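Just so you know, the sequence shown maps onto residues 1 to 373 in my numbering.
Just so you know, even glycine gets a beta-carbon here, dropped at the ideal spot from N, CA and C.
These numbers were taken from a predicted model, which means no experiment stands behind them.
Written below as structure tokens is the structure these notes are about.
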Amino acid sequence: MTPTESQYFALLRAALWAQPVSMSEPIDWKGIMRIANHHGNTALLSDVATRMTGDNSPGAKMQAKMRDSMRSNLVHQMNLKSILISVVQNFRQHGVEPVLLKGFGLAMLYPNPSLRQFGDIDLFVGLGQFHEACALVREMPGCYNWGMEVDVGRHYNVDFGPYPMEIHRVSADVIDEEENKTYAAIEQDGLFDNARKVDWEGFELSVPSKEFMVFFTFFHAWHHFLTSGVGLRQLSDVAMALHAYAGEMDLNKLHSWIAGMHLTEPWQAFGSLMVEHIGLSQAEMPFYTDKCGRTAQKLYKRIMEEGNFRRDLKFKKRRPKRRVWQKLHSFINTFVDYFHIARIFPKQARRELKASLSYAWAKMWKNKGRTDN
């Protein structure tokens with residue numbers, strides 16, 4: 001770990017756990033904020049930095065940028081909140097009760113919710129009410145929709161001006177058939193059978209069960225790691241959920257979900273990083289082990305290289321224009337990704353690669369059948 005990374009994590013822990021921070025050595029503010037931007041928690045670090053005093057505090061110009069970042073994040077949240085309330089009220093008037101995923105549901109768990117950064121709103125309605133929910137949101141003023149819901153996968157995208165929303169019929173894409181059945185049961189438990197009502201600044205929202213909040217937040221981070229790069233914002237989300245619900249979860253259920261999705265080793269490696277670097281109490285990290293140090297170190301290196309949505313960015317920018325070359329580009333990119341994953345989690349990489357190839361093969365033959373007909 002570099003000195004700048006060490007300083008970054010000290011500030012991140014101070015922000016997450018509402019603790020004072022003091023550093024006597026010179027602080028590389030540009031380097032720290034570069035890491036923060038790379039990992040999607042600029043507002044969190046900015047809040048801590050602008051409250052520091054003395055010779056080590058950021059200069060006036062840097063502080064102005066930090067305050068702009070916090071102000072922009074707050075305005076973005078306020079506008080998303082207004083849209084969320086309008087959509088939920090509209091749904092409820094027509095008998096649709098959405099469950100809030102990620103975003104605001106996780107922000108509530110932070111010491112200062114306004115500092116948690118996110119870009120869109122995710123609402124889960126399930127398969128049964130999906131088409132009705134899509135029709136309702138399309139009719140709302142200011143809504144721009146991206147085609148009919150029959151043309152989409154797990155969620156339907158709409159925009160309210162510059163503010164995106166996703167209406168989910170399923171909460172995650174799981175292409176392995178065995179794991180998809182397991183995940184469907186997890187989803188039924190956490191989003192249907194045991195969804196909760198919470199008060200959010202005077203407005204009632206439906207959110208997942210506590211076990212599902214923790215599991216899904218981790219599973220979402222894992223999906224980012226596999227496909228597009230995971231940032232420390234996602235790890236912070238998992239840590240905040242574990243801290244908020246410590247002693248309130250059914251750990252046997254949580255363990256069965258993690259094991260059922262073949263994610264015990266990734267869970268423990270991510271947990272090691274949360275304890276060692278983010279500051280989560282070891283007592284609040286279920287199924288913690290100190291025997292995955294080498295794996296956790298490899299994972300740390302990969303996360304710091306990639307950041308949030310940064311995986312293989314230069315290679316992906318070279319995506320060719322011709323369709324046949326695009327397919328070859330994607331094929332190569334898939335193997336590049338799984339090569340890096342296999343260096344850290346070989347068992348999971350083999351499973352994911354096998355599932356991806358099987359899915360691609362089945363999709364190709366399905367499309368071929370349509371063409372032949």
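Through-space distance from residue j to residue i, alpha-carbon basis
{"i": "Met261", "j": "Lys65", "result": "42 Å"}
{"i": "Glu352", "j": "Ser24", "result": "46 Å"}
{"i": "Ala185", "j": "Arg343", "result": "31 Å"}
{"i": "Leu101", "j": "Gly119", "result": "13 Å"}
{"i": "Asn79", "j": "Ile85", "result": "10 Å"}
{"i": "Glu187", "j": "Asn37", "result": "32 Å"}
{"i": "Leu263", "j": "Lys291", "result": "16 Å"}
{"i": "Ala283", "j": "Asn145", "result": "46 Å"}
{"i": "Arg71", "j": "Met52", "result": "18 Å"}
{"i": "Tyr163", "j": "Asn157", "result": "11 Å"}
{"i": "Ser82", "j": "Glu204", "result": "14 Å"}
{"i": "His223", "j": "Phe212", "result": "15 Å"}
{"i": "Ile175", "j": "Arg169", "result": "15 Å"}
{"i": "Cys134", "j": "Pro208", "result": "21 Å"}
{"i": "Phe160", "j": "Asn252", "result": "41 Å"}
{"i": "Gln348", "j": "Asp337", "result": "13 Å"}
{"i": "Lys314", "j": "Asp193", "result": "Confidence is the limiting factor: at Lys314 the pLDDT is only 48, short of 50, which leaves the residue's position unreliable, though a coordinate-based value still follows. In a straight line, the C-alpha of Lys314 is about 44 Å away from that of Asp193."}
{"i": "Arg138", "j": "Gln129", "result": "14 Å"}
{"i": "Ile67", "j": "Glu179", "result": "The sequence shown places Arg at residue 67, not Ile. Answer to the nearest angstrom: the Cα atoms are 44 Å apart."}
{"i": "Glu276", "j": "Leu242", "result": "15 Å"}
{"i": "Lys298", "j": "Ala14", "result": "25 Å"}
{"i": "Gln89", "j": "Leu127", "result": "20 Å"}
{"i": "His340", "j": "Val48", "result": "34 Å"}
{"i": "His255", "j": "Tyr183", "result": "13 Å"}
{"i": "Leu136", "j": "Val99", "result": "16 Å"}
DSSP three-state assignment for residue i, whether helix, strand or coil
{"i": "Leu313", "result": "Annotation note: pLDDT 49 at Leu313 (below 50); position unreliable, no value reported."}
{"i": "Asn308", "result": "coil"}
{"i": "Ser206", "result": "strand"}
{"i": "Thr291", "result": "According to the sequence shown, residue 291 is Lys rather than Thr. Note: Lys291 maps to coil in three-state DSSP."}
{"i": "Asn41", "result": "coil"}
{"i": "Ser24", "result": "coil"}
{"i": "Ser171", "result": "coil"}
{"i": "Ser272", "result": "helix"}
{"i": "Asp55", "result": "coil"}
{"i": "Trp29", "result": "helix"}
{"i": "Thr50", "result": "helix"}
{"i": "Ala283", "result": "helix"}
{"i": "Ile303", "result": "helix"}
{"i": "Met140", "result": "coil"}
{"i": "Trp17", "result": "coil"}
{"i": "Phe395", "result": "Nothing about residue 395 can be reported from this structure: the residues present for the chain run from 1 to 373 only."}
{"i": "Met297", "result": "According to the sequence displayed, residue 297 carries Gln and not Met. In this structure, Gln297 counts as helix in the three-state DSSP scheme."}
{"i": "Thr4", "result": "helix"}
{"i": "Gln129", "result": "coil"}
{"i": "Arg397", "result": "Residue 397 falls outside the range modelled here, since the chain spans only 1 to 373, and no answer is possible."}
{"i": "Ala10", "result": "helix"}
Beta-carbon spacing of residue i, residue j below 9 Å
{"i": "Ser46", "j": "Leu74", "result": "no"}
{"i": "Asp250", "j": "Leu109", "result": "no"}
{"i": "Gly271", "j": "Tyr288", "result": "yes"}
{"i": "Met140", "j": "Val96", "result": "no"}
{"i": "Glu132", "j": "His94", "result": "yes"}
{"i": "Gly307", "j": "His39", "result": "yes"}
{"i": "Pro58", "j": "Trp29", "result": "yes"}
{"i": "Gly190", "j": "Phe216", "result": "yes"}
{"i": "Arg116", "j": "Ala43", "result": "yes"}
{"i": "Gly104", "j": "Trp200", "result": "Before going on, a small fix: residue 104 reads as Phe here, not Gly. In this structure, Trp200 lies closer than 9 Å to Phe104 by Cβ."}
{"i": "Thr16", "j": "Ala239", "result": "At residue 16 the sequence reads Leu, which differs from the Thr that was named. For Leu16 and Ala239, yes; Cβs fall inside 9 Å."}
{"i": "Phe375", "j": "Arg350", "result": "Beyond the ends of the chain as shown, which are 1 and 373, falls residue 375; an answer cannot be given."}
{"i": "Ile32", "j": "Gln63", "result": "no"}
{"i": "Thr295", "j": "Ala269", "result": "yes"}
{"i": "Phe345", "j": "Pro286", "result": "no"}
{"i": "Asn41", "j": "Leu232", "result": "yes"}
{"i": "Gly121", "j": "Glu166", "result": "It should be noted that the sequence gives Ile, not Gly, for residue 121. Yes; because the gap between Cβ atoms is below 9 Å, this pair is in contact."}
{"i": "Met274", "j": "Glu5", "result": "no"}
{"i": "Asn56", "j": "Ile35", "result": "no"}
Beta-bridge partners of residue i, as assigned by DSSP
{"i": "Cys134", "result": "DSSP lists no partner for Cys134."}
{"i": "Met165", "result": "Ile121, Val158"}
{"i": "Asn145", "result": "Val158"}
Below-9 Å beta-carbon distance, residue i vs any chain B residue
{"i": "Ala221", "result": "The chain inventory of the structure shown lacks chain B, comprising one protein chain alone."}
Check: residue i C-beta below 8 Å from any heavy atom of the ligand FMN
{"i": "Ser22", "result": "Absence of the ligand FMN from the depicted structure is noted, as is the absence of any ligand whatsoever, leaving it without description."}
Sequence ranges, beta strand (DSSP E) only - wholly within the stretch 177-263, length at least 3: Entirely contained in the stretch 177-263, the beta strand (DSSP E) runs reaching 3 residues are, in chain order, 196-200, 203-207.
Going residue by residue through the stretch 71-112, where are the continuous alpha helix (DSSP H) segments of at least 4 residues, counting only ones entirely within it? With a minimum length of 4 residues, the unbroken runs of alpha helix (DSSP H) contained wholly in the stretch 71-112 fall at 103-107.
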